[in-house]
Amino acid sequence: MKTLHCRDVGFDCAGVIKGTTDDEVLQQAAEHALTVHGLTVTPELAEQVKTLIKEEA
29 MKTLHCRDVG FDCAGVIKGT TDDEVLQQAA EHALTVHGLT VTPELAEQVK TLIKEEA
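In the working numbering, the protein residues as written are 29 to 85.
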């Protein structure tokens, strides 16, 4: 399971996105960023966010 904590991206947000692949997490993160934070994820931002995805046991 892969996870991304919204707080790690720099938002004061307790959101945690989970998925089986980096791409799945990134897709959900982009939807979260748009609906919750009003932010459209650019390809450059997606590359930066990808480095923050953690592998959970």
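Don't be surprised by glycine CBs; every beta carbon is placed ideally from N, CA and C.
Check	Outcome
Residue ranges of each alpha helix (DSSP H) run of no fewer than 4 residues wholly in the segment 32-59, ordered along the chain?	34-37
Val69 and Ala85 - do their beta-carbons sit closer together than 9 Å?	no
Return yes when the Cβ of Leu80 is within less than 9 Å of the Cβ of Leu32, no when it is not.	yes
Report yes if the C-beta distance between Cys34 and Gly47 is below 9 Å; otherwise report no.	no
Short check: CB of Ile45 to CB of His65, under 9 Å?	no
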